[in-house]
Amino acid sequence: MTKKQALKAVVFLTVFLWLLVTVTYIIRTNGDVKDRFTGFYAEKENTIDAILVGSSPVYPYYSAPALYGKSGIAAYPLSTNNQRPKAIKYLLKEAQKTQDPSLFIIEMRMFSMPDEEWEDTMVFTRGVTDNLKYSKNRVDAINALVSDRRERYTYYFDIFKYHSNWKTLFLPDQLACWRYEKKNLLKGLEIKTGVGPVDWTDYSDVTEKMEPAKEQLAVLDDLLSYIDSTGKDALFILSPYGMEKEARMKFNDLTERIEAAGYPVLDFNQHIDEIGLDFSTDFYDYGGHVNALGEGKCTEFLRQYLDSHYELPDRRSVPGYESWDSAWELYQQKQREAEASCRKDIEEENWAPEVAD
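Each step along the sequence shown adds one to the number in my numbering, with nothing skipped, and position 272 is 482.
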């Protein structure tokens, strides 16, 4: 092969790979998770001070616009449905490629569940891997999350999964994702409406411990070691929900391990009265996840805790944070509308249909 032929081959391969990646980013299934991750990638470099990771309790419970609007905290959620704890380390690594957060906020709920329950559920694994930009870190995440090596190629090249979505090539909002960057107007928040009441049992006085699945404990140990290596602060949180006694016992065990490693745990379930949370009105799915009423209360409790325990900078009125000012304004409007909708449902006893995570 001559030098000219080699050059042509390199140019062809470069263009082919660029087109492959670009088309893949566009035709990945659109939706809230894609919007959340493309929104993160669209944020200006080194402007986010706290990263929230974890499963579905993160994005409807904690409002990044409200944390900013009331305290100037620039925080962003990298959250997916039933996010396996194995994914957390790789999401933190991904976040640090473009941001320099001083605080990791890690939601704990999924640590109480055996990983094997979710390992073979492709959609939950893809929620993470198919929303990362192409990189070595993405490959590492796939290798950690997909045990069947024969299936990994469909994750490495997820166009195999999404090739039938070719119609999205003609949707302007998806064409905007050609670099996998598109601003998220509410900074990753999903405001939930509807009301699904639940009879809540208070297990806050339960002190017995039960060891979670050994694989999850190994994941936790690895995560704690990784956080140690970064020199960052980390806060582990457990969002309020209608848990069973066995789960309470597992979280007691997890909390002891995390605190022994030198990191605090903020268990919202131990502060229900302080939060002002009402299980008969503040959830949209019968105790699993909060609606707008609960989100406002949980965000405020987290905000006060962060203000009291960390020295995160106040970014309000700082040049470069104009999109956060806009997010705060939009949030206040959307939140008022959502809370009014929830209160109307409560007055009319218009309970939400049963939903699954």
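For every residue, glycine included, the Cβ atom is placed at its ideal position computed from N, Cα and C.
Using C-beta distances below 8 Å, list every residue in its chain close to E425, excluding the 5 sequence neighbours before and after it, in chain order.
Here the question's residue 425 lines up with position 215 in the sequence shown. Correct list, in chain order: P324, D325 and E326.
Inter-stretch contact (C-beta, 8 Å, three-pair minimum) for the region 274-287 and the region 245-258:
yes
First through last residue of the alpha helix (DSSP H) which encompasses D325:
As a first step, residue 325 is located in the sequence shown; it is residue number 115 there, counting from the start. Neither: D325 is in no alpha helix (DSSP H) and is coded neither H nor E.
Member of D463, Y531 and L476 whose CA lies at the smallest distance from the CA of E418:
Counted from its first residue, the sequence shown places residue 418 at position 208. Selected option, being the one with the closest Cα: D463.
For K400 versus Y520, is the C-beta distance shorter than 9 Å?
The residue given as residue 400 occupies position 190 in the sequence shown. The residue given as residue 520 occupies position 310 in the sequence shown. Here residue 400 turns out to be Glu, not Lys, going by the sequence shown. Against a cut-off of 9 Å, the Cβ pair of Y520 and E400 comes out as no contact.
For L476, the three-state DSSP class (helix, strand or coil):
Residue numbering aside, residue 476 sits at position 266 when the sequence shown is read from its first letter. In the structure shown, L476 sits in a strand (DSSP, three-state: E or B).
Pull up the CB-CB distance for D432 and K213, whole angstroms please, since I reckon it's below 8 Å.
In the sequence shown, residue 432 corresponds to position 222, counting from 1. In the sequence shown, residue 213 corresponds to position 3, counting from 1. Actually they are not in contact, since the Cβ atoms of D432 and K213 sit about 47 Å apart, beyond 8 Å.
Whole-angstrom Cβ separation of P311 and I258, contact assumed at under 8 Å?
Residue 311 sits at position 101 when you count from the first residue of the sequence shown. Residue 258 sits at position 48 when you count from the first residue of the sequence shown. Indeed they touch by this definition, with Cβ atoms about 6 Å apart.
With burial defined as no fewer than 16 other Cβ atoms inside 10 Å of the residue's Cβ, what is the status of N560: buried or exposed?
For the purposes of this step, residue 560 is identified with residue 350 of the sequence shown, where counting begins at 1. Exposed, because fewer than 16 other Cβ atoms sit within 10 Å of the Cβ of N560.
Could you give the DSSP three-state label for E317: helix, strand or coil?
Here residue 317 refers to the residue found at position 107 of the sequence shown. Of the three classes helix, strand and coil, the one that applies to E317 here is strand, per DSSP.
Ordered list of alpha helix (DSSP H) runs contained in the region 356-402, each at least 4 residues
363-366, 369-372 and 382-385
Using DSSP bridges, identify the partner residues of F446.
Counting from one through the sequence shown, the residue named residue 446 turns up at place 236. Its beta-bridge partners are I316 and V475.
Classification of M211 by the beta-carbon crowding that lies within 10 angstroms, buried from 16 upward:
Here residue 211 refers to the residue found at position 1 of the sequence shown. The residue is exposed, with fewer than 16 neighbouring Cβ atoms inside 10 Å.
First and last residue of the uninterrupted beta strand (DSSP E) at L288
Along the sequence shown, read from residue 1 onward, the residue named residue 288 stands at position 78. Segment A285 to S289, the beta strand (DSSP E) holding L288.
Take the Cβ of G530 as the centre, count every other Cβ of all protein chains shown within 10 Å, and call the residue buried at 16 or more, exposed below.
Indexing the sequence shown from 1 puts residue 530 at position 320. Classification of G530: exposed, given that the 10 Å Cβ count is below 16.
I want to know whether the region 456-470 touches the region 501-520 - three or more CB-CB distances under 8 Å.
no
Which of helix, strand or coil DSSP assigns to N560
On the sequence shown, residue 560 is found 350 positions in, with the first residue counted as 1. Looking at N560 - three-state DSSP - the assignment turns out to be coil, as it is neither helix nor strand.
Name, in chain order, the residues that DSSP records as bridge partners for I437.
As a position in the sequence shown, residue 437 is number 227, starting the count at 1. For I437, which the question treats as bridged, DSSP gives no partner whatsoever.
Y372 vs R238 beta-carbon contact at 9 Å
Numbered from its first residue, the sequence shown carries residue 372 at position 162. Numbered from its first residue, the sequence shown carries residue 238 at position 28. Cβ atoms of Y372 and R238: closer than 9 Å.
7 Å Cβ shell around D524 - same chain, five flanking residues per side excluded:
Numbered from 1 along the sequence shown, position 314 holds the residue referred to as residue 524. Within the same chain, D524 has close Cβ partners S281 and G282.
Selected residue, minimal CA-CA separation from L395, among L427, D535, L262 and N479:
Along the sequence shown, read from residue 1 onward, the residue named residue 395 stands at position 185. The option with the nearest alpha carbon to L395 is D535.
K392, buried or exposed, once every other Cβ within 10 Å from all chains shown has been counted against 16
The residue you call residue 392 lines up with position 182 of the sequence shown. Its Cβ being crowded by 16 or more others within 10 Å, K392 is buried.
Mind checking F489: buried by the 16 CB within 10 Å criterion, or exposed?
Position 279 of the sequence shown holds residue 489. Burial call: buried.
Could you tell me the distance, in whole angstroms, from the CA atom of Y436 to the CA atom of Q514?
Reading the sequence shown from its first residue, position 226 is the one you call residue 436. Reading the sequence shown from its first residue, position 304 is the one you call residue 514. Near 27 Å, if we compare the C-alpha coordinates of Q514 and Y436.
Using beta-carbon positions only, say whether L313 and L522 come within less than 9 Å of one another.
Counted from its first residue, the sequence shown places residue 313 at position 103. Counted from its first residue, the sequence shown places residue 522 at position 312. Their beta carbons are under 9 Å apart, which means L313 touches L522 by this criterion.
Nearest candidate by alpha-carbon position, reference K404, set E532, F493 and V225:
If you number the sequence shown from 1, residue 404 lands on position 194. In the sequence as presented, Lys is not what sits at residue 404; that position holds Gly. Ranking the options by Cα distance to G404, first place goes to F493.
Residue(s) in a DSSP beta bridge with L262:
As a working mapping, residue 262 is identified with position 52 in the sequence shown. Per DSSP, P287 and I315.
Just checking, does the region 261-279 make contact with the region 539-547 on the three C-beta pairs under 8 Å criterion?
yes
Could you tell me the alpha carbon to alpha carbon distance between E361 and R389, rounded to whole angstroms?
Against the sequence shown, residue 361 aligns to sequence position 151. Against the sequence shown, residue 389 aligns to sequence position 179. So the alpha carbons of these two residues sit roughly 26 Å apart.
Specify, as a first and last residue, the run of the alpha helix (DSSP H) that D245 falls within.
The residue labelled residue 245 in the question sits at position 35 within the sequence shown. Segment D242 to A252, the alpha helix (DSSP H) holding D245.
Run through DSSP, which three-state label would V500 get?
Against the sequence shown, residue 500 aligns to sequence position 290. If DSSP states are grouped into helix, strand and coil, V500 belongs with the strands.
Over the uninterrupted alpha helix (DSSP H) stretch that includes V333, give me the two end residues.
Position 123 of the sequence shown, counting from 1, holds the residue named residue 333. Its alpha helix (DSSP H) spans residues M332 to T339.
Where Y235 falls, given that 16 or more other Cβ within 10 Å makes a residue buried:
In the sequence shown, residue 235 corresponds to position 25, counting from 1. When all chains shown are included, Y235 counts as buried.
Going by C-alpha distance, which of N347, A260, L302 and A297 is nearest W328?
What you label residue 328 is simply residue 118 of the sequence shown in a count that begins at 1. For W328, the nearest C-alpha among the options comes from A297.
Using a Cβ-Cβ cut-off of 6 Å (strictly less than) and excluding sequence neighbours within five positions of A566, which residues of its own chain qualify?
Indexing the sequence shown from 1 puts residue 566 at position 356. The predicted position of A566 is uncertain, since its pLDDT is 48 and thus under 50; no value can be drawn from it.
Which of the three DSSP states is assigned to F489 in this structure?
If you number the sequence shown from 1, residue 489 lands on position 279. Of the three classes helix, strand and coil, the one that applies to F489 here is coil, per DSSP.
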